[in-house]
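In this note's numbering, each residue's number is its place in the sequence shown (first place is 1) plus 2.
The beta-carbon is built from N, C-alpha and C at its ideal position, and this holds for glycine as well.
Only a predicted model underlies this, so the values are computations on that prediction, with no experimental measurement involved.
Only one structure is covered here, and it is reproduced in the block below.
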Amino acid sequence: MMTGKARLAGVLGWPVSHSQSPRLHGFWLDQHEIDGAYLPLPVAPEHFASAVRSLIHLGFRGANVTVPHKEAAFRLCQEQGNTLTARARHVGSVNTLVFDADGHLHGDTTDGFGFVENLRAGAPGWQAGTGPALILGAGGAARSVIAALLEAGCPDVILTNRSRDRAEALAADLGGPIRVVDWDQRGPACAGIALLVNTTSLGMTGQPPLEMDLSALPQSALVTDIVYAPLETALLAAARLRGNVVVDGLGMLLHQARPGFEAWFGVAPAVTEALRTHIISGKK
């Protein structure tokens, strides 16, 4: 039961009705019997800055930020008195806001953290330093994934995107051992890699399929897809059939939520099979 002392947080997006975050955080709030609430907060882009300031005045502890507000949140956190984590500065976007007692913003990006934690949980023993990673896509998700992999010790990233220019720009922006290959070379580029990651929407429910030749992929390579609708994409199904270890994308969503929940509600939550089942059941 909520009281007048309830801790409040939410997710800012436009639209936000599709977000699984209220269901996810609600599970943890119930599990830990916390006096608090996590709310969906639909906010149009032109009202984003004023909405964030209103949340502070209303006593919110913070909020998640989803499409299309991540870059706007980053810019707010660059203002005087606000702060950004090193990984948020590197990626250039924010998905987690924490409000302090003085009304200042602290911005973080936890997508990369969630990605790496999902691999560690789904493929025990996996290490980023094992070998090169091939990343499909050059959008915001790819940016977070690549930054996290490099921070975790990945020795070499091969990046490919339908628009090579966008991949080149991302590689130049992030820096480090990133090399770009043409989209039509994505199959041959699998040779010798230790990790294959699809960060595109291809293969997602309602989107075109991802056409991928896996014949050059080592059987020892781990394959993951940040898409979680469907839970097992065609890429993961094909990789599993040929003997590769695969990790679905749902865990990335679950693990990226952990730092924010702990900051807002004071409890470090766990990602469990019960939580996965709860989220999956809500998507049906």
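- Contact between the segment 160-178 and the segment 221-235 is not established, with fewer than three Cβ pairs separated by less than 8 Å.
- DSSP, read as helix, strand or coil, puts Pro134 in coil.
- Excluding its 5 nearest sequence neighbours in each direction, Pro47 has C-beta neighbours in its own chain below 8 Å: Trp16, Pro70, His71 and Ala74, listed in chain order.
- Ile160 is bridged by DSSP to Leu136 and Arg181.
- If you check the CB distance, Leu197 and Leu204 do not come in under 7 Å.
- Taking 8 Å as the upper bound for CB-CB distance, Ala191 and Leu136 are in contact here, some 5 Å apart.
- As computed with DSSP, His108 is found in a beta bridge with Thr85 and Val100.
- Taken through DSSP and simplified to helix, strand or coil, Asp175 comes out as helix.
- Its chain contains His106 as the residues whose beta carbon lies nearer than 6 Å to that of Gly83, once the 5 sequence neighbours on both sides are disregarded; these appear in chain order.
- Contact annotation, Gly194 with Asp215: C-beta distance approximately 15 Å; criterion of less than 8 Å not satisfied.
- The alpha-carbon of Ile148 is positioned some 13 Å away from that of Thr112.
- In summary, Arg242 is exposed, with fewer than 16 beta-carbon neighbours lying within 10 Å of its beta-carbon over all protein chains present.
- In this structure the segment 262-282 touches the segment 89-103; the number of beta carbon pairs closer than 8 Å is three or more.
- Look at Gly64 here: in three-state DSSP terms it is strand.
- Inclusion of Leu14 and Ala90 in the CB contact set at 7 Å is not warranted, their separation being larger than that value.
- Membership of Leu233 in any beta strand (DSSP E) is not indicated, and neither H nor E is assigned to it by DSSP.
- Shown here, Asn246 sits in coil according to DSSP, grouped into three states, outside any helix or strand.
- For Ile228, the number of other beta carbons within 10 angstroms of its own is at least 16, and it is reported as buried.
- Under the DSSP assignment, Leu224 falls in the beta strand (DSSP E) whose first and last residues are Leu224 to Asp227.
- Leu238 is positioned such that its CB atom lies closer than 7 Å to that of Val248.
- DSSP places Pro44 in the uninterrupted beta strand (DSSP E) bounded by Gly38 to Pro44.
- Under DSSP, Arg9 forms a beta bridge with Gly38.
- When DSSP states are grouped into helix, strand and coil, Gly15 belongs to the strand group.
- Between Val96 and Gly116, the C-beta spacing is not below 7 Å.
- Secondary structure at Val199: strand, using DSSP grouped into helix, strand and coil.
- In the displayed model, Glu213 falls within coil according to three-state DSSP, outside both helix and strand.
- Between the beta-carbon of Asn120 and that of Gly253 there is about 3 Å, and that keeps the pair under the 8 Å contact cut.
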